[in-house]
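Using the UniProt record's numbering, read the sequence shown as starting at 1 and increasing by one per residue.
No residue lacks a Cβ here, since even glycine has one placed at the ideal position from N, Cα and C.
The model shown is predicted, which means the values in this text are computed figures rather than measured ones.
Accompanying notes for the structure given below.
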Amino acid sequence: MPGRPDDYEVLLTIGAGSYGKCRKVRRKADGKVLVWKELDYGSMTEAEKQMLVSEVNLLRELRHPNIVRYYDRIIDRSSTTLYIVMEYCDGGDLASLIARRTKERQHYLEESFVLRVLTQLTLALKECHRRSDGGVTVHRDLKPANVFLDGKQNVKLGDFGLARILHHDTSFAKTFVGTPYYMSPEQMNHMSYNEKSDIWSLGCLLYELCALSPPFRAYNQKELAEKIREGKFRRIPYRYSEQLNELLKEMLNVKDYCRPSVEDILQHPLIADLV
Numbered sequence: 001m002p003g004r005p006d007d008y009e010v011l012l013t014i015g016a017g018s019y020g021k022c023r024k025v026r027r028k029a030d031g032k033v034l035v036w037k038e039l040d041y042g043s044m045t046e047a048e049k050q051m052l053v054s055e056v057n058l059l060r061e062l063r064h065p066n067i068v069r070y071y072d073r074i075i076d077r078s079s080t081t082l083y084i085v086m087e088y089c090d091g092g093d094l095a096s097l098i099a100r101r102t103k104e105r106q107h108y109l110e111e112s113f114v115l116r117v118l119t120q121l122t123l124a125l126k127e128c129h130r131r132s133d134g135g136v137t138v139h140r141d142l143k144p145a146n147v148f149l150d151g152k153q154n155v156k157l158g159d160f161g162l163a164r165i166l167h168h169d170t171s172f173a174k175t176f177v178g179t180p181y182y183m184s185p186e187q188m189n190h191m192s193y194n195e196k197s198d199i200w201s202l203g204c205l206l207y208e209l210c211a212l213s214p215p216f217r218a219y220n221q222k223e224l225a226e227k228i229r230e231g232k233f234r235r236i237p238y239r240y241s242e243q244l245n246e247l248l249k250e251m252l253n254v255k256d257y258c259r260p261s262v263e264d265i266l267q268h269p270l271i272a273d274l275v
């Protein structure tokens, strides 16, 4: 039997985007705390609705300890609202963690934590890229705000293609979406996006965890695009090992075919023991 909005008690609004609101809720049946995303599908075209359905179906299939878990979807036709009920991660997201650390004086994160994040995110990407049915799912918007921590500091990758659909962008992988700071050179050059583009974004995220700022920064998008295409960036702080720095340089290679694959990263001596 499909769920109803009345099955949940709204606790608070976590955030709001162009698509609608994200709220923390409690499931009345058992008291479990979850989040739901409210999506207004009233103004969507048929093609966009179809994409939304396929994206939600994809979320249902992705079961992995390092991917935010999908629980339910509720359709309220009277208000043309789709509620997507997901796991609640009470440790917040990496963007908030980086912002907090930037304010503090003793701020740098331990290398062991950075490697743990890298390992768990790589495992999540492996699940996305090599789904059991053979289909390839590319994450596409890998950034600190889309990476969550649970109460035990386990890493969870969230916010799949919903952002893409909700920005009325129906031409899958050639479109110019995502966070410009983390965009790969091939995206900047309007070439097709592929799995190695996720590796670039993961490298940017890893760099920001170490340096507390992105590898490529600029005052406008044109300047940023030039810096990304050039692919030059400062070394991460010297408190981090040369091995980690070298791995980062490989992930941020402007030539996508030179970047390591998910499997290469998982076999790297730095993290092989953590897998």
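Item                                                                                                               : Value
Helix, strand or coil at Met191 according to DSSP, with G and I counted as helix                                   : coil
Beta-carbon separation (whole angstroms), Gly3 vs Ile74, contact threshold 8 Å                                     : 5 Å
Endpoints, the beta strand (DSSP E) within which Thr81 is located                                                  : Thr81 to Glu87
Backbone secondary structure at Arg101 - three-state DSSP                                                          : helix
Touch test, the region 204-216 against the region 234-253, Cβ-Cβ under 8 Å, three pairs minimum                    : yes
Integer Cβ distance of Val262 from Thr122, believed to fall under 8 Å                                              : 6 Å
Sequence-distant residues of its chain with Cβ nearer than 6 Å to Asp256 (five each side left out)                 : Glu186 and Lys196
Which listed residue (Lys156, Leu52 and Met44) has its alpha carbon closest to that of Gly91                       : Lys156
CA nearest to the CA of Pro65, picked from Leu206, Ile265 and Glu127                                               : Glu127
Bridge partners - Ala272, DSSP secondary structure assignment                                                      : None; Ala272 has no bridge partner.
Of the residues Leu270, Glu246 and Val147, the one placed nearest Arg259, counting alpha carbons only              : Glu246
Leu12, buried or exposed, once every other Cβ within 10 Å from all chains shown has been counted against 16        : exposed
Distance CB(Lys32)-CB(Met86) smaller than 9 Å                                                                      : no
Same chain, Cβ closer than 7 Å to Glu9, five either side skipped, listed in chain order                            : Val25, Arg26 and Lys28
Close-in-space but distant-in-sequence residues of the same chain around Ser184 (CB under 6 Å, 5 per side omitted) : Ser197 and Trp200
Minimum length 3: unbroken beta strand (DSSP E) runs contained in the region 4-62                                  : 8-17, 20-27 and 33-40
Strand pairing of Arg73, partner residues [DSSP]                                                                   : Ile84
Cα-Cα separation, Gln267 to Val275                                                                                 : 9 Å
DSSP bridge partner residues for Phe113 (one or two, in chain order)                                               : In DSSP, Phe113 forms no bridge with anything.
Continuous alpha helix (DSSP H) stretch holding residue 362: start and end                                         : Because the chain is modelled from 1 through 275, residue 362 falls outside the range shown and cannot be assessed.
Inter-residue CB distance, Glu111 and Leu244 (contact presumed, cutoff 8 Å)                                        : 6 Å
Where Cys258 falls: helix, strand or coil (DSSP)                                                                   : helix
Asp198 (DSSP reduced to helix, strand or coil)                                                                     : helix
9 Å Cβ cutoff met for Leu202 and Leu125                                                                            : yes
Which of helix, strand or coil DSSP assigns to Ile236                                                              : coil
Buried/exposed call for Asn146, threshold 16 Cβ in 10 Å                                                            : buried
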